[in-house]
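J.: Input: one structure, supplied below.
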Amino acid sequence: MIKFENVSKTYPNQERPALDGVNLEVAKGEFVFLVGLSGSGKSTFLRLVLKEEDPTSGKIYVAGKDLSKLSSWKVPELRRQVGTVFQDFRLLPNKTVFENVAFTLHVLGYSKKEINREVPEVLELVGLEGYGDRRPSQLSGGEQQRVAIARAFVSHPAILIADEPTGNLDPTMSVGIMKLLDRINRTGTTVVMATHDSGIVDQMRKRVIELEGGLVVRDQVRGVYGYSG
Amino acid sequence: MRAGFVLSEVGIGLRRNLTMTFAVIVTVATSLSLLGFGLLSNAQVGVMKDYWYDKIEVSIYLCGDLSEAPSCSSGKITIPQRDQIETDLKAIPVVQNVYYESQADAFNRFQERFKDSAIAQNVTPDQLPESFRVKLKDPTQFAVIQSAFSGRPGIDVVQDQRAILEKFFRLLNVLRNGALFIGLISVLTAALLISNTIRIAAFNRRRETGVMKLVGASSFSIQLPFLLESVFSAIFGWTVALGLLSGFKVLIDQRVAPLLSFTRFFGWDAVWIASLQLLGVGLLVAALASVITLRRFVKV
Numbered sequence: 000m001i002k003f004e005n006v007s008k009t010y011p012n013q014e015r016p017a018l019d020g021v022n023l024e025v026a027k028g029e030f031v032f033l034v035g036l037s038g039s040g041k042s043t044f045l046r047l048v049l050k051e052e053d054p055t056s057g058k059i060y061v062a063g064k065d066l067s068k069l070s071s072w073k074v075p076e077l078r079r080q081v082g083t084v085f086q087d088f089r090l091l092p093n094k095t096v097f098e099n100v101a102f103t104l105h106v107l108g109y110s111k112k113e114i115n116r117e118v119p120e121v122l123e124l125v126g127l128e129g130y131g132d133r134r135p136s137q138l139s140g141g142e143q144q145r146v147a148i149a150r151a152f153v154s155h156p157a158i159l160i161a162d163e164p165t166g167n168l169d170p171t172m173s174v175g176i177m178k179l180l181d182r183i184n185r186t187g188t189t190v191v192m193a194t195h196d197s198g199i200v201d202q203m204r205k206r207v208i209e210l211e212g213g214l215v216v217r218d219q220v221r222g223v224y225g226y227s228g
Numbered sequence: 000m001r002a003g004f005v006l007s008e009v010g011i012g013l014r015r016n017l018t019m020t021f022a023v024i025v026t027v028a029t030s031l032s033l034l035g036f037g038l039l040s041n042a043q044v045g046v047m048k049d050y051w052y053d054k055i056e057v058s059i060y061l062c063g064d065l066s067e068a069p070s071c072s073s074g075k076i077t078i079p080q081r082d083q084i085e086t087d088l089k090a091i092p093v094v095q096n097v098y099y100e101s102q103a104d105a106f107n108r109f110q111e112r113f114k115d116s117a118i119a120q121n122v123t124p125d126q127l128p129e130s131f132r133v134k135l136k137d138p139t140q141f142a143v144i145q146s147a148f149s150g151r152p153g154i155d156v157v158q159d160q161r162a163i164l165e166k167f168f169r170l171l172n173v174l175r176n177g178a179l180f181i182g183l184i185s186v187l188t189a190a191l192l193i194s195n196t197i198r199i200a201a202f203n204r205r206r207e208t209g210v211m212k213l214v215g216a217s218s219f220s221i222q223l224p225f226l227l228e229s230v231f232s233a234i235f236g237w238t239v240a241l242g243l244l245s246g247f248k249v250l251i252d253q254r255v256a257p258l259l260s261f262t263r264f265f266g267w268d269a270v271w272i273a274s275l276q277l278l279g280v281g282l283l284v285a286a287l288a289s290v291i292t293l294r295r296f297v298k299v
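Residue numbers (numbering that gives the first Met the number 0), protein chains in the order written: chain A, 0 to 228; chain B, 0 to 299.
Put into structure tokens, the structure is as follows:
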């Protein structure tokens with residue numbers, strides 16, 4: 000589903016590469032944690048998958064497409080297959096929960112009828128039935144992140160990318176979000192989650208890829224956060 | 000994206016940025032009006048040229064007893080010379096018609112024109128020159144007549160009335176160019192304001208555009224609401240300008256035209272043509288300013 004072949008990325012005016020000869024492959028339906036300190040290359044990895052940046056060298060394949068051969072006007076098509084969730088939720092404050100989730104479908108050109116069918120369905124999946132008329136400011140952080148996940152998932156993308164989705168949440172809320180991501184993963188969606196949260200990584204026992212200074216230093220099938228044991 | 004969704008986003012954008020929207024509308028309205036006045040003064044110069052050039056003639060004064068030009072050295076023109084000139088004149092393609100004014104005709108006309116003046120009492124027919132009044136199909140073709148007849152024996156002087164009007168029209172052209180220049184400058188100002196407004200709007204809505212980008216909206220559909228907003232503002236400003244120009248036309252018809260009977264004024268057709276040109280300019284400027292700004296500030 001995602002394949003990096005000897006990928007390096009050096010940002011302009013920087014000497015040290017953010018990613019340095021990374022080779023890895025994420026299969027369809029996998030759940031992968033991307034761990035490492037700030038500046039280890041996690042964000043660069045995710046930006047490359049979304050083609051927000053182009054690699055300095057190497058090849059990247061996402062959902063069967065060679066990104067180096069993807070013309071810029073086809074990038075939106077790629078992003079429709081990759082849902083994204085962020086630490087800061089990125090909801091639209093002037094829109095209701097329903098409108099925030101429906102926004103994706105509007106952008107993709109769904110009809111009103113389809114929107115009225117899909118949005119309640121995904122709100123139910125994320126556990127926010129009956130929250131459709133509320134504004135993001137009326138919700139807790141965990142609930143806001145659920146809305147963001149609903150928005151990312153409502154179009155049923157093949158890949159879900161989550162960049163520190165629990166970074167702003169307390170542990171109880173984080174557990175709820177992880178259960179939700181697990182449930183989404185079980186529908187066949189590939190999930191890549193960048194995180195600092197060692198508790199979550201240890202608990203989930205999923206594949207762990209650790210980056211350090213732009214290098215993959217560990218790729219473990221049922222891993223934990225650190226080398227504690 | 001569906002049209003309804005795009006339009007509702009445009010509506011939200013216009014309302015949220017109400018003061019800027021208002022500024023854009025007013026600037027577009029005033030700049031298009033100024034440009035419109037320029038276009039109308041251009042139409043007016045055209046109308047006046049048609050009106051005056053239609054009336055002017057080339058006068059060929061023939062030698063009389065009092066003529067002093069070298070071509071008159073043999074004295075008053077003979078009748079065969081005069082007939083030959085008339086025949087030659089009529090053979091020239093640009094000549095529309097030729098009218099011969101005898102000394103008696105000239106005297107009558109002189110008496111008519113200066114009937115209230117003492118000068119009329121002291122003039123006798125033999126003091127006035129006989130002449131050919133030549134109407135040209137194209138008044139700018141004076142040089143053809145000038146070169147063919149000036150200095151020919153029996154002809155005193157060839158006079159083009161157009162030369163007198165030229166100075167007047169040169170002045171009018173300067174005024175018209177000034178009006179067009181001011182109009183174009185203010186249209187440029189409007190373009191810069193539109194560009195700045197879009198920058199601000201893009202900054203205000205970076206959240207929305209960021210989310211649209213994330214969920215895979217094409218650049219076109221992200222930029223379309225901004226583009227439509229400035230185009231709608233431009234159309235709104237244009238309707239205001241159209242109202243101002245129509246008011247200007249009514250004012251001229253009712254207040255100015257009755258006072259200045261020596262010329263005609265531009266008609267409503269000129270107002271409509273100018274309006275269509277202004278609509279074109281307004282749309283083009285709004286769209287261009289938007290597209291150039293959006294390419295820089297709303298990237299995918």
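Even for Gly, the Cβ is constructed at its ideal location relative to N, Cα and C.
When the distance is taken between beta carbons, is residue 75(A) closer than 8 Å to residue 216(B)?
T.: Contact: yes.
J.: Okay, do the segment 155-172 of chain B and the segment 5-15 of chain B touch, 3+ Cβ pairs below 8 Å being the bar?
T.: They do not touch, by the three-pair rule.
J.: Between which two residues does the beta strand (DSSP E) harbouring residue 98(B) extend?
T.: Taken as a continuous stretch (DSSP letters only), the beta strand (DSSP E) holding residue 98(B) covers 94-100.
J.: Using a Cβ-Cβ cutoff of 8 Å, what residues of the segment 211-234 of chain B are near chain A? List them in chain order.
T.: The segment 211-234 of chain B vs chain A, Cβ under 8 Å: 211, 212, 213, 214, 215, 216, 217, 218 and 220.
J.: Using a C-beta cutoff of 8 Å, does residue 10(B) count as contacting chain A?
T.: Answer no: the Cβ-Cβ gap between residue 10(B) and chain A never drops below 8 Å.
J.: So is residue 1(B) in contact with chain A if we call contact Cβ pairs under 8 Å?
T.: So yes, residue 1(B) belongs to the interface.
J.: Can the beta-carbon of residue 30(A) be found closer than 8 Å to that of residue 207(A)?
T.: In this structure, residue 207(A) does not lie closer than 8 Å to residue 30(A) by Cβ.
J.: So is residue 135(A) buried or exposed if we call it buried at 16+ other beta carbons inside 10 Å?
T.: With 16 or more Cβ atoms within 10 Å of its Cβ, residue 135(A) is classed as buried.
J.: List the residues of chain A whose Cβ lies closer than 7 Å to the Cβ of residue 4(B), in chain order.
T.: Result: 105.
J.: Would the beta-carbon of residue 148(A) fall within 8 Å of that of residue 84(A)?
T.: The answer is yes: Cβ separation under 8 Å.
J.: With a CB to CB cut of under 8 Å and the five nearest residues on each side skipped, what residues in its chain are close to residue 22(A)?
T.: Closer than 8 Å at the Cβ level, and outside the excluded window around residue 22(A), lie 3, 4, 5, 6 and 215.
J.: Please state the DSSP three-state secondary structure of residue 205(A).
T.: Coil.
J.: Mind checking residue 199(B): buried by the 16 CB within 10 Å criterion, or exposed?
T.: That one is exposed.
J.: Only counting runs of 4 or more residues, tell me where the alpha helix (DSSP H) segments fall wholly within the segment 51-129 of chain A, in order along the chain.
T.: List check, alpha helix (DSSP H) in window: 74-78, 96-106 and 111-124.
J.: Considering only the beta carbon of each residue, do residue 286(B) and residue 26(B) sit closer than 8 Å?
T.: No, they are not a contact pair.
J.: Taking only beta-carbon atoms, is residue 133(A) less than 8 Å away from chain B?
T.: With 8 Å as the cut-off, residue 133(A) does not count as an interface residue toward chain B.
J.: On the premise that residue 101(A) lies in contact with residue 312(A), defined as a C-beta separation below 8 Å, what is that separation, rounded to the nearest angstrom?
T.: Any property of residue 312(A) remains undetermined from this structure, which presents chain A solely from 0 to 228.
J.: Which parts of the segment 6-48 of chain A are runs of the alpha helix (DSSP H), unbroken and 4 residues or longer, counting only runs that do not cross its ends?
T.: Taking only runs of at least 4 residues, the alpha helix (DSSP H) segments lying wholly in the segment 6-48 of chain A are 41-48.
J.: Can you name the residues of chain B whose CB is closer than 8 Å to the CB of residue 166(A)?
T.: By Cβ distance, chain B contributes nothing, its closest Cβ being about 18 Å from residue 166(A), past 8 Å.
J.: Could you run through the segment 68-82 of chain A and flag, in chain order, every residue whose CB is less than 9 Å away from some CB of chain B?
T.: Those residues of the segment 68-82 of chain A that come within reach of chain B (Cβ to Cβ, closer than 9 Å) are 71, 72, 74, 75, 76, 77, 78, 79, 80, 81 and 82.
J.: Between which two residues does the alpha helix (DSSP H) carrying residue 224(A) extend?
T.: Element bounds for residue 224(A): n/a, residue is neither H nor E.
J.: By Cβ distance below 6 Å, which residues in the same chain neighbour residue 227(A) in space, the five residues on each side in sequence not counted?
T.: Low local confidence applies: a pLDDT of 46 at residue 227(A) is under 50, so the model's placement there is unreliable, and no value is given.
J.: Give me the residue from 128(A), 185(A) and 160(A) with the minimum Cα distance to residue 97(A).
T.: The candidate whose alpha carbon is nearest that of residue 97(A) is 128(A).
J.: When you compare the CB of residue 89(A) with every CB in chain B, is at least one pair closer than 8 Å?
T.: By this cut-off, residue 89(A) is an interface position.
J.: Measuring only the C-alpha atoms, how far is residue 36(A) from residue 218(A)?
T.: Their Cα atoms are separated by approximately 16 Å.
J.: Using 8 Å as the threshold, is the C-beta distance between residue 93(B) and residue 137(B) below it?
T.: Result yes, Cβ atoms of residue 93(B) and residue 137(B) sit closer than 8 Å.
J.: When you compare the segment 181-191 of chain A with the segment 150-162 of chain A, are there three or more beta-carbon pairs, one atom per stretch, that lie closer than 8 Å?
T.: Yes: the two stretches touch, three or more of their Cβ pairs being nearer than 8 Å.
J.: Going along the chain, which unbroken runs of the alpha helix (DSSP H) with 4 or more residues stay wholly within the segment 148-206 of chain A?
T.: Qualifying alpha helix (DSSP H) stretches, in chain order: 170-185 and 197-203.
J.: Out of 91(B), 183(B) and 118(B), point me to the one whose CA is closest to residue 280(B)'s CA.
T.: Considering only alpha carbons, the answer is 183(B).
J.: Please list, in chain order, all residues of the same chain as residue 270(B) whose beta carbon is under 6 Å from its beta carbon, the five residues on each side excluded.
T.: Only 244 and 248 meet the Cβ criterion.
J.: Helix, strand or coil, according to DSSP, for residue 244(B) in the structure here?
T.: Here residue 244(B) sits in helix by DSSP.
J.: Just to make sure I have the definition right: I need the residues of chain A whose C-beta is within less than 8 Å of the C-beta of residue 324(B). Which are they?
T.: Look at the range of chain B in this structure, 0 to 299, and you will see that residue 324(B) is not part of it.
J.: So which residues of chain B does residue 251(A) contact, with C-beta pairs closer than 9 Å?
T.: Residue coverage of chain A in this structure runs from 0 to 228, which leaves residue 251(A) outside it and unanswerable.
J.: Going straight from the alpha carbon of residue 90(A) to that of residue 141(A), what length do you get?
T.: Approximately 13 Å, taken between the alpha carbons.
J.: Using a C-beta cutoff of 8 Å, does residue 102(A) count as contacting chain B?
T.: Closer than 8 Å: yes.
J.: Does the separation of the CB atoms of residue 277(B) and residue 34(B) fall below 8 Å?
T.: The answer is yes: Cβ separation under 8 Å.
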